[in-house]
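**Q** Start counting the sequence shown at 1; every next residue gets the next number (the UniProt record's numbering). Yeah, the Cβ is synthetic: ideal placement off N, Cα and C, and Gly gets one too.
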Amino acid sequence: MSTIYNFSAGPAVLPKSVLEQARDEMVDWHGTGMSIMEMSHRGKDFTAIAHQAEADLRELLAIPENYKVLFLQGGATAQFAMVPMNLLRGKAGADYIDTGIWSDKAIKEARRYAQVNVAASSADHAYTYAPGQTAWQLDSNAAYVHYTPNETIGGVEFHWTPEVGNVPLVADMSSNVLSKPIDVSRFGVIYAGAQKNIGPAGLTIAIVREDLMGEAMPRTPTLYDYKVQADNGSMYNTPPTYAIYIAGLVFQLLKREGGLAAMEQRNIAKAKLLYDYLDASDFYHNPVAPENRSRMNVPFTLSNPALDAAFLQGAQQQGLLQLKGHALVGGMRASIYNAMPLEGVQALVNYMQDFVKKQG
Ligand code: PMP
Numbered sequence: 001m002s003t004i005y006n007f008s009a010g011p012a013v014l015p016k017s018v019l020e021q022a023r024d025e026m027v028d029w030h031g032t033g034m035s036i037m038e039m040s041h042r043g044k045d046f047t048a049i050a051h052q053a054e055a056d057l058r059e060l061l062a063i064p065e066n067y068k069v070l071f072l073q074g075g076a077t078a079q080f081a082m083v084p085m086n087l088l089r090g091k092a093g094a095d096y097i098d099t100g101i102w103s104d105k106a107i108k109e110a111r112r113y114a115q116v117n118v119a120a121s122s123a124d125h126a127y128t129y130a131p132g133q134t135a136w137q138l139d140s141n142a143a144y145v146h147y148t149p150n151e152t153i154g155g156v157e158f159h160w161t162p163e164v165g166n167v168p169l170v171a172d173m174s175s176n177v178l179s180k181p182i183d184v185s186r187f188g189v190i191y192a193g194a195q196k197n198i199g200p201a202g203l204t205i206a207i208v209r210e211d212l213m214g215e216a217m218p219r220t221p222t223l224y225d226y227k228v229q230a231d232n233g234s235m236y237n238t239p240p241t242y243a244i245y246i247a248g249l250v251f252q253l254l255k256r257e258g259g260l261a262a263m264e265q266r267n268i269a270k271a272k273l274l275y276d277y278l279d280a281s282d283f284y285h286n287p288v289a290p291e292n293r294s295r296m297n298v299p300f301t302l303s304n305p306a307l308d309a310a311f312l313q314g315a316q317q318q319g320l321l322q323l324k325g326h327a328l329v330g331g332m333r334a335s336i337y338n339a340m341p342l343e344g345v346q347a348l349v350n351y352m353q354d355f356v357k358k359q360g
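(1) Where do the ends of the alpha helix (DSSP H) carrying residue 51 lie?
(2) Report yes if the C-beta distance between residue 5 and residue 263 is below 8 Å; otherwise report no.
(3) Here's the rule: buried if 16 or more other CB atoms are within 10 angstroms of the residue's CB, otherwise exposed. What is residue 98?
(4) So within the region 52-136, which uninterrupted alpha helix (DSSP H) runs reach at least 4 residues, ignoring any that extend past its ends?
(5) Have a look at residue 246 and residue 359 and give me their C-alpha separation to the nearest angstrom.
(6) Name the one or two DSSP bridge partners that residue 300 has.
(7) Unbroken alpha helix (DSSP H) runs of length 4 or more, entirely within the region 230-260: which are they?
(8) Starting from residue 342 and walking both ways along the alpha helix (DSSP H), at which residues does that stretch end?
(9) Going by other Cβ atoms of all chains shown within 10 Å of its Cβ, with 16 needed for buried, is residue 211 buried or exposed?
(10) Is residue 294 close to the ligand PMP? I mean its beta-carbon at under 7 Å from any heavy atom of the ligand.
(11) Take residue 47 as the anchor and find which of 234, 31, 65 has the nearest alpha-carbon.
(12) Report the CB separation of residue 362 from residue 197 in whole angstroms; it is logged as a contact under 8 Å.
(13) Could you tell me if residue 343 is buried or exposed, where buried requires 16 or more neighbouring beta carbons within 10 angstroms of its beta carbon?
(14) Is the CB-CB distance between residue 123 and residue 94 below 8 Å?
(15) What I want to know is whether the C-beta of residue 335 ends up closer than 7 Å to one or more non-hydrogen atoms of the ligand PMP.
(16) Cβ of residue 19 within 8 Å of Cβ of residue 260?
(17) Which residue or residues does DSSP assign as beta-bridge partners of residue 163?
(18) Taking only the alpha-carbon atoms, compute the straight-line gap between residue 288 and residue 82 and give it to the nearest angstrom.
(19) According to the Cβ coordinates, are residue 283 and residue 314 closer than 8 Å?
(20) Give every residue whose Cβ lies closer than 6 Å to any heavy atom of the ligand PMP, listed in chain order.
(21) What distance in whole Å lies between the Cβ atoms of residue 127 and residue 110, which are believed to be in contact at a cut-off of 8 Å?
(22) Using only CA atoms, which one of 318, 208, 301 lies nearest to residue 279?
(23) Note down, in chain order, each residue of its chain lying with its Cβ closer than 6 Å to the Cβ of residue 11, except the 5 sequence neighbours on either side.
(24) Hey, quick one: how far does the alpha helix (DSSP H) through residue 19 stretch, first residue to last?
(25) Measuring CA to CA, which of 232, 92, 159, 349 is closest to residue 42?
(26) On the DSSP bridge assignment, give the partners of residue 190 in chain order.
(27) Go through its chain and collect everything with a Cβ distance to residue 251's Cβ below 7 Å, but skip five positions before and after it.
(28) Compute the distance between the beta-carbons of residue 145 and residue 167, then report whether it is under 8 Å.
(29) With DSSP collapsed to three states, give me the class of residue 324.
(30) Is residue 37 near residue 242, with beta carbons less than 8 Å apart?
(31) Since residue 169 and residue 188 should fall inside the 8 Å C-beta cutoff, what is the C-beta to C-beta distance between them, to a whole number of angstroms?
(32) Could you check how far apart the C-beta atoms of residue 271 and residue 228 are, in whole angstroms? I think they sit under 8 Å.
(33) When you compare each of 68, 106, 51 to residue 171 by their alpha carbons, which one comes out closest?
(34) So residue 100 packs on residue 156, CB below 8 Å; how close in whole Å?
(35) Pick from 240, 204, 286, 321: whose alpha carbon is nearest that of residue 49?
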């Protein structure tokens, strides 16, 4: 089989070496005669896997001691509800920054529980930029400030961390977690669905500052209470064991490859290759303000949308898969997460050049 490059936004490409190791260990994990999938989550083998995964994630992100790492389910979408349920702590409202389809979904869910103040929005320019901090109308009495550091559909990324004083900052890092080093101490809660840069779908990671736990609103479902999850080592009920195992393999690989500083350098190089080509071309277009362009998700359109189907078909024939843009915005999108090698982006750019030439 010739080389395949998978540009899916998520579930997304995983490192081949991780998949190969999982394959080798699938049926008989380390001579136990069992698959991880068949083991009790409370047995010594699986608890060791979960502890190692947490330790490796803590090391990669340099997570301070006063933060809990939770392995949850329900995707980032469940966090849209869990965040207000846990963080309002008796307050009426929270600030939200509206930069695209995902922050809008977070806002809509939060409105079920909280008075949402949209402190800044880029809806005025079709979500093609990240509003600068000076434009934010923050409420000093807000329970927290929520933003989406990387909008997976719009391809808009914050390359800076907002300064929100003593109000806890909450970040939906679903699509750029582990793509670069971050200062966790700047955040109250960080959450991410696993299926882009971490591992398989079904696992959601939440990193929660300890002092923000323990005041969930009455009637919060037990499983949605961060404190219950923390007190039970994310095992109040059965966790997504196999997804945690795969995530753990990804964390070990990232450590071997030089950690998040090395990932960032690779991701910068990959994104530069693609954006430089897009900017030099009259045929393709990326609508995002240059300083807010995502290193993870690169949406682009063809000057003639009638050629979209031919573009996708030709790409598929070259082994360049899942480039179709999100149904809500159309066009194309190349997601170039950690597991996408530079060669994959180069292959895409080569194909894009050839496609233009073919149009004569
Ligand atoms: N937030 C962002 C930024 C996302 O990209 C996604 C998924 N594409 C979600 C939230 C929703 O995640 P999930 O499907 O895991 O609930």
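**A** With the structure as the only source:
(1) In the DSSP annotation of this structure, the continuous segment of the alpha helix (DSSP H) that includes residue 51 starts and ends at 44-61.
(2) Not closer than 8 Å, so no.
(3) So residue 98 ends up on the buried side.
(4) Counting whole runs of 4 or more residues, the region 52-136 contains the alpha helix (DSSP H) stretches 75-87, 101-110.
(5) Straight-line measurement puts the Cα of residue 359 at about 43 Å from the Cα of residue 246.
(6) Its beta-bridge partners are 332.
(7) Fully contained in the region 230-260 are the following alpha helix (DSSP H) runs of length 4 or more, in chain order: 241-256.
(8) Residues 342-358.
(9) Per the 10 Å Cβ criterion, exposed.
(10) Flag unset: Cβ of residue 294 not near the ligand PMP.
(11) Of the listed residues, the one whose Cα sits closest to residue 47 is 234.
(12) Outside the shown range of the chain (1 to 360) lies residue 362, about which nothing can therefore be said.
(13) Flag for residue 343 reads exposed.
(14) The answer is no: Cβ separation not under 8 Å.
(15) Shortest gap from the CB of residue 335 to any heavy atom of the ligand PMP: 7 Å or more.
(16) For residue 19 and residue 260, no; Cβs fall outside 8 Å.
(17) Residue 163 is not bridged to any residue.
(18) Near 30 Å, if we compare the C-alpha coordinates of residue 82 and residue 288.
(19) In this structure, residue 314 does not lie closer than 8 Å to residue 283 by Cβ.
(20) Selection output, chain order preserved: 10, 75, 76, 77, 102, 148, 152, 172, 174, 175, 193.
(21) With a beta-carbon spacing of about 18 Å, residue 110 and residue 127 fall beyond the 8 Å limit used to define contacts.
(22) The residue with the shortest Cα to Cα distance from residue 279 is 301.
(23) Non-local C-beta neighbours of residue 11 in its own chain, meaning closer than 6 Å and more than five positions away in sequence, comprise 195, 201, ordered along the chain.
(24) First-last of the alpha helix (DSSP H) with residue 19: 16-25.
(25) The shortest C-alpha separation from residue 42 is found at 232.
(26) Answer is 171, 207.
(27) Closer than 7 Å at the Cβ level, and outside the excluded window around residue 251, lie 53, 56, 57, 60.
(28) Using a Cβ distance threshold of 8 Å, residue 145 and residue 167 count as a contacting pair.
(29) Correct three-state label for residue 324: strand.
(30) Yes, they are a contact pair.
(31) Confirmed, Cβ separation roughly 6 Å.
(32) Rounded to the nearest angstrom, the Cβ distance from residue 271 to residue 228 is 39 Å, too far for a contact under 8 Å.
(33) Considering only alpha carbons, the answer is 106.
(34) In this structure residue 100 touches residue 156 by the C-beta definition: roughly 6 Å separates them, less than 8 Å.
(35) Closest by alpha carbon: 240.
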